[in-house]
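Chemist: Numbering (our numbering), first residue to last: 137 to 342.
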Ligand code: ATP
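Laid out in structure tokens, this is it:
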């Protein structure tokens with residue numbers, strides 16, 4: 137199985153990295169693809185350039201077996217829609233189960249995503265929840281897709297919905313950018329090599 141973990145990564149931090157590592161181990165993924173987004177349809181533009189966000193990811197995952205940076209959304213011109221991205225993954229991996237990981241906040245808005253129902257044609261969706269998270273009533277569409285065991289995800293290449301608790305560190309890229317703008321240290325929230333890169337390039341400073 138291949139995992140897809142999308143984000144702006146502006147910058148990547150231990151919140152992302154810890155959950156990526158946990159799901160890689162829990163689902164026995166051969167690869168976890170970190171997928172930096174080009175022009176996020178839902179939000180304002182990133183502060184760092186695409187190249188810089190990729191460079192920070194490279195520094196962060198150096199020597200992490202199975203962690204792969206996937207730049208397909210950056211290589212494509214214009215808006216990135218997840219449904220197009222998953223279609224392109226499916227062409228590359230015709231038979232393997234693909235797991236799209238999203239946070240529970242993103243899941244709440246899933247039905248606003250472009251062609252959201254088609255996402256299930258290409259991948260399973262795994263919602264990363266906080267431990268102890270109480271699942272709200274799912275509507276019939278999602279209830280029909282819900283899998284209760286990981287084994288069910290290995291039995292089809294796409295089409296199921298799964299909820300997986302992961303450790304969620306209280307870290308956000310927004311808070312890190314604000315700290316740096318205020319000349320406070322973001323130490324221990326993200327890898328030292330990434331902090332060093334940010335410093336060298338005077339990223340996120342006012
Ligand atoms: P920003 O603060 O700029 O919105 P962010 O820190 O939330 O950024 P994104 O790059 O937008 O990071 O997040 C990408 C993915 O990582 C999302 O699926 C999100 O749910 C997940 N994620 C973000 N922060 C954490 C965290 N602290 N712990 C676990 N997952 C996280």
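Here a beta-carbon is modelled for each residue, glycine too, at the ideal position from N, C-alpha and C. Note that the coordinates shown come from a computational prediction; the quantities given were computed from them, not determined experimentally.
CA-CA distance, residue 220 and residue 208?
Modeler: Computed Cα separation, rounded: 10 angstroms.
Chemist: Which complete beta strand (DSSP E) runs does the stretch 277-338 hold, if anything under 3 residues is left out?
Modeler: Those beta strand (DSSP E) runs which fall completely within the stretch 277-338 and span 3+ residues are 297-301.
Chemist: Can you look up residue 169 in the DSSP assignment and give me helix, strand or coil?
Modeler: Looking at residue 169 - three-state DSSP - the assignment turns out to be strand.
Chemist: If you draw a straight line from the alpha carbon of residue 309 to that of residue 316, how long is it in whole angstroms?
Modeler: In a straight line, the C-alpha of residue 309 is about 11 angstroms away from that of residue 316.
Chemist: Contact between the stretch 221-235 and the stretch 284-298 is defined here as three or more beta-carbon pairs at a separation below 8 angstroms; is this criterion met?
Modeler: Cβ pair count under 8 angstroms is three or more, so yes.
Chemist: Could you tell me the boundaries of the beta strand (DSSP E) in which residue 260 lies?
Modeler: Residue 260 -> beta strand (DSSP E) spans 260-265.
Chemist: Can you grab the Cα-Cα spacing for the pair residue 334 / residue 340, in whole Å?
Modeler: Taking the straight line joining both Cα atoms gives about 8 angstroms.
Chemist: Going by DSSP, which residues form a beta bridge with residue 143?
Modeler: Paired residue(s): 172.
Chemist: Locate the alpha helix (DSSP H) running through residue 204, then write down its first and last residues.
Modeler: Here residue 204 belongs to no alpha helix (DSSP H); instead the beta strand (DSSP E) covers 203-205.
Chemist: Does any heavy atom of the ligand ATP sit closer than 8 angstroms to the C-beta of residue 185?
Modeler: For the ligand ATP, not one heavy atom lies less than 8 angstroms from the Cβ of residue 185.
Chemist: Between the alpha carbons of residue 302 and residue 153, how many angstroms are there, rounded?
Modeler: Approximately 11 angstroms between the Cα atoms of the pair.
Chemist: Could you give the residue range of the beta strand (DSSP E) that holds residue 237?
Modeler: Element bounds for residue 237: 234-239.
Chemist: Using a Cβ-Cβ cutoff of less than 6 angstroms, which residues in the same chain neighbour residue 204 once the five nearest sequence positions on both sides are dropped?
Modeler: Closer than 6 angstroms at the Cβ level, and outside the excluded window around residue 204, lie 167, 169.
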